[in-house]
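Colleague:
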Amino acid sequence: MIYLLLILLLGGGLAWASERWNPQAPRWVALGVVGFALLYLTVAVARLPVEQFSLLPAASQPDTWLAHTRIDWMPRFGIHFELALDGLSLTLVALTLLLGLIALSASWAEIEQRTGFFQANLLWSLTGVVGVFMALDLFLFFVFYEVMLVPMYLLIAIWGHEARSYASMKFFIFTQASGLLMLVSIVVLAYQHALQTGSFSFSYFDLLDHRLDPALAFWVMLGFFLAFTVKLPGFPFHTWLPDAHTQAPTAGSVLLAGILLKTGAYGLLRFAIPLFPEAAAEFAPVAMALGAAGIIYGAVLAFAQSDFKRLVAYSSVSHMGFILLGLYAWNSLAVQGAIVQMVAHGLSTAALFMIAGSLQQRMHTRDMGRMGGLWLNAPRMGACALFFTMASLGLPGLGNFVAEFLVLLGLFQVAPRMAVIAAVGLVTGAVYSLIMLQRSFQGPGDPERAVPDYGRRELATMLLMVALLIWLGVNPQPLLELTQPTVDSLLPGATP
Amino acid sequence: MILALFYVAAAIALLSTAMALSRTNATHALIYLIMSLLSVAVIFFIIGAPFAAALEIVIYAGAIMVLFVFVIMMLNLGEAGQIREREWLKPRSWILPGIFAAALLAELLVLENGLSGTTTGVAVEPKTVGLTLFGPYVLAVELASMLLLAGLVGAYHVGRSFLARDRGVKHQ
Amino acid sequence: MTDLLWLIPALPLASATLLILGSQWLGPRWVATLGVGSVGAAGLCVLFTTLQWQGAPLQQTLWTWIQVGELSAGVSFYVDGLTLVMMSVITGVGFLIHLYSAEFMAGDTSYARYFAYLNLFVAAMLTLVMADNLLLLFFGWEGVGACSYLLVGFWHFDAANGAAARKAFVVTRVGDAAMALGLFLLFREFGTLDIQALSAAANARWEVGNPTAVLATALLLGGAVGKSAQLPLHTWLPDAMAGPTPVSALIHAATMVTAGVYLVARTHELFLLAPPTLTAVAVIGLFTLLLAAFTALCQHDIKRILAWSTISQIGYMFLGLGVGAWSASIFHLMTHAFFKALLFLAAGAVIHCLHHEHDIRNMGGLRSRLPVVFLSFLIGAAALSALPLTSGFFSKDLIVLAAFEAPGIGPWLWAGAVLGAFLTALYSFRLVFVVFFGRANTLPDRQPGPAMATPLSVLCVFSLAGGWLGIPVANVFPAEGEGHPALWVEAVSIGIPLLGLALAYALFLGRRWDASGLVESPLGQAFYRFWHAGWRVDGLYDRLWVKPFLVLTVLLKSEPVDRLYGAVVALCQLCYEGLSRSQSGRLRQYATVMAAGVIVLLGVVWRAAGG
Amino acid sequence: MPLEHVLGLASLLFALGLTGLMVRRNILFVLMSLEVMLNSAALAFVAAGAHWGQPDGQVVFMLVLTVAAAEVSVGLGLVLQIQRRFHTLDIDDATRLRG
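Residue numbers (the numbering used here), protein chains in the order written: chain Y, 1 to 496; chain C, 1 to 172; chain L, 1 to 611; chain D, 1 to 99.
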């Protein structure tokens, strides 16, 4: 697994270096690197015995995980280079690499300047994200969590649109400040461990068994919660997202929406809740209220936007509300729903951002007031937009529906009122999604307008995501079975 | 006798300092300041630091004050400068600094209140000073030399552009 | 045959997929063949299934869809008598309408897209009725909603059509959200969404009138009300007429809008445990049918009249469901599908032949010029008015009589239903007389071709004779009491439509009475406008929901939460400005501040030293 | 001599210098005030050295002397520059360092 990280990390350097002998080369290098990483992952996973996938990943037994690596790093402080892969991580790592490919496709024709450095940043942020999804040492996790920020900051700050410096700065300050809270929490956790057992430990397993004083646990949990909720982003910490998304280049938006946000959800699921079950349970009503508020607020604000990308960004806020609700409902149904939502939202929103990016590239505007009737000029693009709009409003048969349904179903078991509020989100979701479609692709059009339709590369990328979303919608069972052991092991009452 | 001499010198020092700092004419102020420095030199001598007293006269009252004289001569302030000085020295502007200085003085005096002891009056020879200077304090000497060098370079740099103007050469 | 059940929804689905992917390479002839043929093939499959059917429910599980924790929902089908009726209607009427469309839509630039959507709709609708669990049913339920959105907004280059489509989708989505909550509630109670298991468990665990049962059924009813355009969520249907007319015939008359009826019938065992909900169903049906009938009287757009009449007829079905006349409701659903599809297709033919003219005031005298259409329309209107011996007569009569039998409020329901029947006859024949008799205002430029005439003729036969068809739902529903109401009740039920017909004749054809004086009186005008605007429900919702939502969006557009962070930024800015102002560059001021600092510091030292 | 008195004298001189520093606007007088303050500090050092009979006080005095010399040489250079640029010796006018 460490090779996976190395492939991406060195690949980034290679892509940068390759710009020297040909400005076209970095794209192919990056494509090759991500493709190779994906292949490597596939081969590695395919060689595992089938039974391995149904084992509960237990803390003390590394062999119950799909893969596990542990190297001493700073033993004096109990810091190890510890990576592990279970069904959940595998799903998200695969999603990351896949969206990496898609982001590459999105940036293929868009980025003209400093392609080498661009692709390098792309690959490095992928490295960070993959690391986040695999790290089991809290210190290492924090390192990766920060590592993925810097390339993303550069992507926005260098290749972004008109207000890029403001947006990238906002993005950086929000996530950095919240990351700091998490660092404090991690250090407190390790220190408490040292106080009780006499040695520092940042290991997930050690800390999982470790119980804190309830009052302290609450504050430490809050540190984690804030860090991940800002990242997610949950209401009311979401305001960096619309700016960052709007200003980022398409590939940046794809990565940001597709996977960077998911690190927040993953963090909540893997760390914030299991490390402090009691404190999290106590806090759950507040978290759920934030989630529900986010759903409605995001939907209302999405409707109010005239900027295509901003609208999609607010829709992300709304969708992330479902994840927050699902995670804090903390039962098998809702958590599984949240996981499916991570994947489905990653795909559908990434696709919508790609469409927005294509529009921007072709029309040099994101203002929907200047669009309308684009179906006439670009029916293939319109059909794709229609499909992903439907996906985003949760049409059954597509991944997002499975996710939202499971979340709400699970949520209703524990908090019916929240479920009712969230169900309102189904209606408001339809409102903003359809208005977006109407303003951009439908309505009276101008047949003379020069908006080239999708070419082969773009269509292939889109069809890939279409196929994945349909597959996720009609047969999510393989995914659910892949992540079920993880969910079982995280939920209370599971065998340790 | 010597004690009386100390008090006389102290009184002269205080008085001349006060005069120096309240003059409007820079040249007069400088004369008072030199007087003050000379009386401090007397005190150095009395409390047993003849080498310091000599240096005080030679370098302080001699070299440094001469620098002031040169500058005052170059500035050529004249009558107009005095009038302006008088304008600036309104009684009101003395109030706050006066209070602050008094407060500081009070604090210093209170802190020194508990001290008891006398100066021996036994002279510490220049030789001893020299030995100490190039013994344990050699690093300080190096530092001082660096400082002087820096001062030299700084003064040259600052003054050079002043000179350059007179030659009609633009700098910076 | 059981193993081939999956083929029935799969055929239209496959055709839709082919049409979407191959829209660029397929010529119109191929598109039509594929689109019409797939539904026809599905219809044949249904026919075979029906013929081989033994009376026992058929079941087939294709694969496990979602299985998490307690939830286990498969893509699995359950076919009993009720389902067969629905499937026959969907594929049968659907096939005829597809055939009709092949001519009606000929020449449209998006011919393939049209058939793709239509096939997709048929597939979703079949999934809806064949589903054996509520989750799959919900899948189909939302699927048909989406197809309805797509087809209403088919000509989306006109922004008004897009708005109508959005309204249709969003208003039904409100109902869908309620229905989803109902599903959650049922799942929480019983841990399953399988319809049969649910019914069994509910009967075992709940006594009649259990509050949870009432709540759950009320939530399901919310979904049904939304989809079937009943009060209070009926406002979308008249606007949905923006779609092509065959679409209105298929989706907004024959099949999708009756999905609500199907849902209630399918989960009738739950509803039976919740008498208050059933009463609500009946009352909603009654109010809807009256409101819609009055509104239909005052419309001018031929399709809107039919739309309001659809709402009204579904009101009858709800009334029937509410009073426990399950099979009568389903029967009416079927006959309604025949004659309303016929009416819509005939209206479509009129519109088609009159250059897209919708306003009946510009029509007239078409009787001799479009004889086939006239005959079809006449038969359709007769069946709609429930004139004796037409199909509508049998089904509606059953419902009206069952309403009379209902305990408690029965006679009131009956009276309302009879009033509704009178109005139905009145507006139906108003339509017939105004459009086909009198002076010709617009001349048709073409005649319907064979692809349009054939479905009309077939549907004519069914509308007339459909009443003699039996529906195999005896095993599905509990036995209904064979009431024998008093003779006068029967007589009134039969006679009232004739009365309506006579009044229509007197008002619109014979000119025996001139009602214009009444209509133009101030009170008459007020009523007229009130009814024309659909009892101003739209305006009310506009003020109640749409405007506040818009105001909210305007208020929130500037992102008030961001102001919070703006405040933090402003605070930093303030500190920065304050501190930078202290850097005034005045040496003396620095010295003073420094002196003050030293004073403070010495003070601290002094205190610390114990002074 | 009582050490206390010598130190008292140093304190008085220091306070006088400080007053001058704060009151005078003419940069020349400001520099003179600084000299007075440096000198008073030096006096305190020498007095303390004399109290113990050690040479250290005088060593520090020499350091102070070098500081004063360096400071005056640069300071007076600056005086000339300020006079040239601002045509005044008022330090309140020379506020380029404003934040």
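Cβ coordinates follow ideal geometry from the N, Cα and C atoms, glycine included.
From a predicted model like this one, the values you see are computed outputs, not experimental measurements.
In this structure, does DSSP put threonine 258 of chain L in helix, strand or coil?
Modeller: Indexing the third sequence from 1 puts residue 258 of chain L at position 258. It is helical.
Colleague: In chain L, what lies closer than 7 Å to glutamate 107 of chain C by C-beta?
Modeller: Mapped onto the second sequence, residue 107 of chain C falls at position 107. Result: Ile599, Leu602, Gly603, Trp606.
Colleague: Using a Cβ-Cβ cutoff of less than 7 Å, which residues in the same chain neighbour alanine 229 of chain L once the five nearest sequence positions on both sides are dropped?
Modeller: Counted from its first residue, the third sequence places residue 229 of chain L at position 229. Answer for alanine 229 of chain L: Trp236, Leu237, Val257, Ile311, Ile314, listed in chain order.
Colleague: Tell me the start and end of each unbroken alpha helix (DSSP H) in the stretch 541–590 of chain L that is at least 4 residues and wholly inside, in chain order.
Modeller: Whole alpha helix (DSSP H) segments, 4+ residues: 547–556, 560–582.
Colleague: Shorter than 8 Å from the beta carbon of methionine 37 of chain D to some beta carbon of chain C?
Modeller: For the purposes of this step, residue 37 of chain D is identified with residue 37 of the fourth sequence, where counting begins at 1. Cβ-Cβ to chain C under 8 Å: no for methionine 37 of chain D.
Colleague: Measure the Cβ-Cβ separation of asparagine 410 of chain Y and isoleucine 296 of chain Y and say whether it is below 8 Å.
Modeller: Numbered from its first residue, the first sequence carries residue 410 of chain Y at position 410. Numbered from its first residue, the first sequence carries residue 296 of chain Y at position 296. Strictly speaking, residue 410 of chain Y in this sequence is glycine, with asparagine absent from that position. Their beta carbons are not under 8 Å apart, which means glycine 410 of chain Y does not touch isoleucine 296 of chain Y by this criterion.
Colleague: Terminal residues of the continuous alpha helix (DSSP H) containing phenylalanine 44 of chain C?
Modeller: Numbered from its first residue, the second sequence carries residue 44 of chain C at position 44. Here the alpha helix (DSSP H) through phenylalanine 44 of chain C covers 26–46.
Colleague: Note down, in chain order, each residue of its chain lying with its Cβ closer than 7 Å to the Cβ of glutamate 146 of chain Y, except the 5 sequence neighbours on either side.
Modeller: Working through the first sequence from its first residue, we reach residue 146 of chain Y at position 146. Taken in chain order, the residues that qualify are Gly179.
Colleague: Over what stretch of residues does the beta strand (DSSP E) that includes serine 54 of chain Y continue unbroken?
Modeller: Sequence index remark: in the first sequence, residue 54 of chain Y carries index 54 (1-based). Counting along the chain, serine 54 of chain Y falls outside any beta strand (DSSP E), and DSSP gives it neither H nor E.
Colleague: What did DSSP end up calling threonine 495 of chain Y once you bin it into helix, strand or coil?
Modeller: The residue labelled residue 495 of chain Y in the question sits at position 495 within the first sequence. Its pLDDT being 37, under 50, threonine 495 of chain Y is placed unreliably by the model, and the measurement read from it follows with that caveat. It is coil, neither helix nor strand.
Colleague: How about phenylalanine 308 of chain Y and arginine 366 of chain Y: are their beta carbons less than 8 Å apart?
Modeller: Position 308 of the first sequence, counted from the first residue, corresponds to residue 308 of chain Y. Position 366 of the first sequence, counted from the first residue, corresponds to residue 366 of chain Y. Yes.
Colleague: Among L:Asp445, L:Asp542, L:Phe287, L:Thr279, which has the Cα closest to the Cα of proline 407 of chain L?
Modeller: Against the third sequence, residue 407 of chain L aligns to sequence position 407. The residue with the shortest Cα to Cα distance from proline 407 of chain L is L:Thr279.
Colleague: Per DSSP, what kind of secondary structure is arginine 23 of chain C in: helix, strand or coil?
Modeller: Here the question's residue 23 of chain C lines up with position 23 in the second sequence. Coil.
Colleague: Mind pulling the chain C residues with CB within less than 8 Å of histidine 87 of chain D?
Modeller: Translated into the one-based positions of the fourth sequence, residue 87 of chain D becomes position 87. Those within 8 Å of histidine 87 of chain D in chain C number zero; the least Cβ separation is about 11 Å.
Colleague: Can you tell me the Cα-Cα spacing of arginine 164 of chain Y and proline 151 of chain Y, whole angstroms?
Modeller: Here the question's residue 164 of chain Y lines up with position 164 in the first sequence. Here the question's residue 151 of chain Y lines up with position 151 in the first sequence. Going from the Cα of arginine 164 of chain Y to the Cα of proline 151 of chain Y covers about 14 Å.
Colleague: Between which residues of its own chain and arginine 310 of chain Y is the CB-CB distance below 6 Å, once the five residues before and five after are set aside?
Modeller: Here residue 310 of chain Y corresponds to residue number 310 of the first sequence, with the count starting at 1. Answer for arginine 310 of chain Y: Pro242, Thr246, listed in chain order.
Colleague: If you count every other CB in all the chains shown that lies within 10 Å of the CB of lysine 262 of chain Y, and 16 or more means buried, which is it?
Modeller: The count along the first sequence starts at 1 and reaches residue 262 of chain Y at position 262. With 16 or more Cβ atoms within 10 Å of its Cβ, lysine 262 of chain Y is classed as buried.
Colleague: Consider the Cβ of leucine 76 of chain D: report whether some Cβ of chain C lies at a distance smaller than 8 Å.
Modeller: If you number the fourth sequence from 1, residue 76 of chain D lands on position 76. At least one chain C Cβ lies under 8 Å of leucine 76 of chain D.
Colleague: Ordered along the chain, which non-local residues of its own chain (more than five positions away) have a Cβ less than 6 Å from that of valine 489 of chain L?
Modeller: Here residue 489 of chain L corresponds to residue number 489 of the third sequence, with the count starting at 1. The residues are Phe404.
Colleague: Along the beta strand (DSSP E) that carries threonine 69 of chain Y, what are the first and last residues, could you check?
Modeller: Counted from its first residue, the first sequence places residue 69 of chain Y at position 69. Here the beta strand (DSSP E) through threonine 69 of chain Y covers 67–74.
Colleague: So, is methionine 32 of chain D buried or exposed, given that buried needs 16 or more other C-beta atoms within 10 angstroms?
Modeller: Sequence index remark: in the fourth sequence, residue 32 of chain D carries index 32 (1-based). Burial call: buried.
Colleague: If you draw a straight line from the alpha carbon of glutamine 83 of chain D to that of leucine 12 of chain D, how long is it in whole angstroms?
Modeller: Position 83 of the fourth sequence, counting from 1, holds the residue named residue 83 of chain D. Position 12 of the fourth sequence, counting from 1, holds the residue named residue 12 of chain D. Each residue's Cα considered, the two are about 32 Å apart.
Colleague: Between which two residues does the alpha helix (DSSP H) harbouring isoleucine 82 of chain D extend?
Modeller: If you number the fourth sequence from 1, residue 82 of chain D lands on position 82. It spans 56–86 - the alpha helix (DSSP H) in which isoleucine 82 of chain D sits, taken as one unbroken run.
Colleague: Per DSSP, tyrosine 78 of chain L forms a beta bridge with which residues?
Modeller: Along the third sequence, one-based indexing puts residue 78 of chain L at 78. According to DSSP, tyrosine 78 of chain L bridges with L:Gln59.
Colleague: Rounded to whole angstroms, how far is the Cβ of alanine 120 of chain Y from the Cβ of glycine 13 of chain Y, which I believe are closer than 8 Å?
Modeller: Translated into the one-based positions of the first sequence, residue 120 of chain Y becomes position 120. Translated into the one-based positions of the first sequence, residue 13 of chain Y becomes position 13. Rounded, the Cβ-Cβ distance is 7 Å, consistent with contact.
Colleague: Could you check which residue in L:Leu523, L:Leu426, L:Asn362 has the C-alpha nearest to that of tyrosine 505 of chain L?
Modeller: On the third sequence, position 505 is the one that residue 505 of chain L refers to. Of the listed residues, the one whose Cα sits closest to tyrosine 505 of chain L is L:Leu426.
Colleague: For threonine 649 of chain L, does the count of other Cβ atoms within 10 angstroms reach 16, so buried, or fall short, so exposed?
Modeller: Chain L is shown from 1 up to 611; residue 649 of chain L falls before or after that span and cannot be answered.
Colleague: Contact check, aspartate 132 of chain L vs phenylalanine 77 of chain L under 8 Å by CB: the rounded distance?
Modeller: The residue you call residue 132 of chain L lines up with position 132 of the third sequence. The residue you call residue 77 of chain L lines up with position 77 of the third sequence. The pair is a contact, with the Cβ atoms about 6 Å apart (cut-off 8 Å).
Colleague: Suppose contacts are defined by Cβ-Cβ distances below 8 Å. Is alanine 341 of chain L in contact with alanine 254 of chain L by that definition?
Modeller: Translated into positions along the third sequence, residue 341 of chain L becomes position 341. Translated into positions along the third sequence, residue 254 of chain L becomes position 254. It is a contact, given that the beta carbons lie within the stated cut-off.
Colleague: Under 8 Å, with one C-beta from each stretch per pair, do the stretch 216–223 of chain L and the stretch 174–194 of chain L reach the 3-pair mark?
Modeller: Verdict: yes, contact present.
Colleague: Report the option in L:Leu150, L:Ala240, L:Tyr114, L:Leu135 whose CA atom is closest to the CA atom of leucine 191 of chain L.
Modeller: Sequence index remark: in the third sequence, residue 191 of chain L carries index 191 (1-based). It is worth fixing the name first, because residue 191 of chain L is glycine in this sequence and not leucine. That would be L:Leu135, whose Cα lies nearest to the Cα of glycine 191 of chain L.
Colleague: Roughly how far, in whole angstroms, is the beta-carbon of valine 340 of chain Y from the beta-carbon of alanine 403 of chain Y, given that I think they are within contact range, below 8 Å?
Modeller: If you number the first sequence from 1, residue 340 of chain Y lands on position 340. If you number the first sequence from 1, residue 403 of chain Y lands on position 403. That belief holds up - the Cβ atoms of valine 340 of chain Y and alanine 403 of chain Y are roughly 4 Å apart, short of 8 Å.
Colleague: How is the beta strand (DSSP E) around glutamate 490 of chain L delimited, first residue to last?
Modeller: In the third sequence, counting from the first residue as 1, residue 490 of chain L sits at position 490. Glutamate 490 of chain L -> not in any beta strand (DSSP E); alpha helix (DSSP H) instead, spanning 487–504.
Colleague: Could you give the distance in angstroms between the alpha-carbon of leucine 7 of chain D and the alpha-carbon of alanine 50 of chain D?
Modeller: Translated into the one-based positions of the fourth sequence, residue 7 of chain D becomes position 7. Translated into the one-based positions of the fourth sequence, residue 50 of chain D becomes position 50. Roughly 12 Å separates the two Cα atoms.
Colleague: What is the DSSP secondary structure of leucine 207 of chain Y, reduced to helix, strand or coil?
Modeller: Here residue 207 of chain Y is taken as the residue at index 207 of the first sequence, counted from 1. DSSP places leucine 207 of chain Y in helix when its eight states are reduced to three.
Colleague: Is the beta carbon of methionine 148 of chain Y closer than 8 Å to that of leucine 83 of chain Y?
Modeller: As a first step, residue 83 of chain Y is located in the first sequence; it is residue number 83 there, counting from the start. As a first step, residue 148 of chain Y is located in the first sequence; it is residue number 148 there, counting from the start. No, the Cβ-Cβ distance between leucine 83 of chain Y and methionine 148 of chain Y is not below 8 Å.
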